[in-house]
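In our numbering, the protein residues as written are 563 to 660. Even for Gly, the Cβ is constructed at its ideal location relative to N, Cα and C. Down below is the structure, laid out as structure tokens.
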DNA sequence: CCGCTGACAGGAA
DNA sequence: TTTCCTGCCAGCG
């Protein structure tokens with residue numbers, strides 16, 4: 563877990579459009595570390611305010627942090643009991659945006 | 001060196 | 001659909 567790794571994850575995260583979400587694993591792949599999804603999560607823990615960490619969730623479309631539900635709903639994301647509705651549709655793939 | 005833990009992933013049952 | 005299990009890697013007793 564070096565600073566570079568964190569910065570990379572935050573960079574990608576800041577690219578996520580409003581009302582869209584992506585997964586820890588997707589970000590990990592995007593920065594060149596396919597099996598470091600767990601570290602992406604840790605990096606999000608200490609991210610700056612300008613990083614939309616609430617748009618990063620698990621690959622199954624379930625929120626790891628319940629508090630994010632409010633923020634996401636404000637952006638127009640439909641959520642039902644920590645589960646994103648239309649997950650496939652609003653999923654944002656970082657690999658296709660670089 | 002060993003075992004546990006964590007904003008995880010993916011497949012099997 | 002949900003639960004379980006294995007694979008991952010870094011950090012801390």
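Taking residue i as the reference, give the member of the options with the closest Cα.
i	options	result
residue 579	624, 646, 616, 565	616
residue 658	570, 564, 566, 584	584
residue 601	646, 610, 589	589
residue 618	575, 650, 563	575
Within a Cβ cutoff of 8 Å, which residues of the same chain sit near residue i, ignoring the five residues on either side of it in sequence?
i	result
residue 644	624, 625, 628, 631
residue 641	625, 631, 634, 635, 647
Taking the alpha helix (DSSP H) that residue i belongs to, which residues open and close that run?
i	result
residue 651	649-652
residue 635	630-636
Here's a check: name, in chain order, each residue in its chain whose Cβ is nearer than 7 Å to the Cβ of residue i, leaving out the five neighbours to either side.
i	result
residue 654	578, 579, 582, 583, 584
residue 551	This structure does not reach residue 551, given that the chain is present from 563 up to 660, and the question cannot be answered.
By Cβ distance below 6 Å, which residues in the same chain neighbour residue i in space, the five residues on each side in sequence not counted?
i	result
residue 571	589, 602, 605
residue 621	585, 587
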